[in-house]
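Notes for the one structure printed next.
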Amino acid sequence: LSFGDAALVRKNVDNLSEEDIINLQKTLRDVADDKSAKGYAAIAAYHGYPAQCKDSNNHPVACCVHGMPVFPQWHRLYVVQLEQALKEKGLSIGIPYWDWTRPLTKLPDLVSQQVFIESDGTKAKKNVWYQGDIEVVENSKTVIRHTARALDDRLFQK
1 LSFGDAALVR KNVDNLSEED IINLQKTLRD VADDKSAKGY AAIAAYHGYP AQCKDSNNHP
61 VACCVHGMPV FPQWHRLYVV QLEQALKEKG LSIGIPYWDW TRPLTKLPDL VSQQVFIESD
121 GTKAKKNVWY QGDIEVVENS KTVIRHTARA LDDRLFQK
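Read in order, the letters of the sequence shown are residues 1 to 158 in full-length UniProt numbering.
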């Protein structure tokens, strides 16, 4: 069995080593820089932005199925697609998870910190797990749009 065929093991985000976090940062940055069909922008479009599907009036709409019965299967394929892109850039673990059945007081640092420090401790870089940038063409101009979160306070333990 070659490494390329090996399954990726997902770790609880609370149990990631410093090396795991640095590798997650570096590989997602590499995926974000990839402008191919396996890059971040293409995968983000699959998730919903920029809109790649068309409605009955031929207007662009998100291709996602949030809130629909097929959501779990669709989202699983989406996660696998991102995981495979990360694996191709050298990540040896799966996308981390956190146990949403346990009380939560804050989001994991991996996704809540705006910057991270390089492993040599010398340079702060933008945390691509916190916010992603997507180049889109609007009115014949390329612009950068940022991902955003819509957090619901009910997520957190009071």
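By construction, the Cβ of each residue, glycine as well, lies at the ideal position given by its N, Cα and C atoms.
Helix, strand or coil: how does DSSP classify residue i here?
i, result
"His-146", "strand"
"Ala-51", "coil"
"Tyr-97", "strand"
"Ala-32", "helix"
"Lys-141", "strand"
"Val-70", "coil"
Please classify residue i as buried or exposed, where buried requires at least 16 neighbouring CB atoms within 10 angstroms.
i, result
"Asn-139", "exposed"
"Gly-132", "buried"
"Pro-96", "buried"
"Gln-73", "exposed"
"Val-128", "buried"
Looking only at C-alpha atoms, which of the options sits nearest to residue i?
i, options, result
"Asp-120", "Glu-18, Ala-7, Val-13 and Gln-113", "Glu-18"
"His-59", "Asp-152, Gly-67, His-66 and Pro-50", "Pro-50"
"Arg-145", "Arg-154, Leu-110, Asp-153 and Ile-134", "Ile-134"
"Lys-123", "Ile-22, Ser-92, Arg-10 and Ala-7", "Ile-22"
"Phe-116", "Val-61, Arg-154 and Leu-24", "Leu-24"
"residue 160", "Val-9, Leu-8 and Leu-28", "Only positions 1 to 158 of the chain appear in the structure, and residue 160 is not among them; the question remains open."
"Tyr-130", "Val-136, Ala-148 and Val-137", "Ala-148"
"Val-136", "Val-65, Asp-55, His-66 and Gly-48", "Gly-48"
Residues in its own chain within less than 8 Å of residue i by CB, not counting five upstream and five downstream?
i, result
"Ile-43", "Val-31, Tyr-78, Gln-81, Leu-82 and Ala-85"
"Trp-98", "Asn-12, Val-13, Asp-14, Leu-104 and Pro-108"
"Asp-34", "Tyr-40, Ala-85 and Lys-89"
Might you give, ordered along the chain, the residues of its own chain that have their beta carbon closer than 6 Å to the beta carbon of residue i, omitting 5 neighbours on each side?
i, result
"Ala-45", "Gln-52"
"Phe-3", "Per-residue confidence for Phe-3 stands at a pLDDT of 48, beneath the threshold of 50, marking its modelled position as unreliable; the derived number appears in the next sentence. Around Phe-3: no qualifying Cβ."
By Cβ distance, which residues of its chain are closer than 7 Å to residue i, with the 5 residues on each side in sequence left out?
i, result
"Glu-118", "Lys-125"
"Lys-87", "Leu-8"
Can you check whether the C-beta of residue i is within less than 8 Å of a C-beta belonging to chain C?
i, result
"Ala-148", "Protein chains in the displayed structure number just one, and chain C is not present."
Whole runs of the beta strand (DSSP E) within the segment 100-133, excluding any shorter than 3 residues = For the segment 100-133, whole beta strand (DSSP E) runs of length 3 or above, ordered along the chain, are 115-117 and 124-126.
task = May I have a chain-ordered list of the beta strand (DSSP E) segments no shorter than 3 residues that lie completely inside the segment 5-29?
result = Look at the segment 5-29 and you find no whole run of beta strand (DSSP E) that is 3 residues long or longer.
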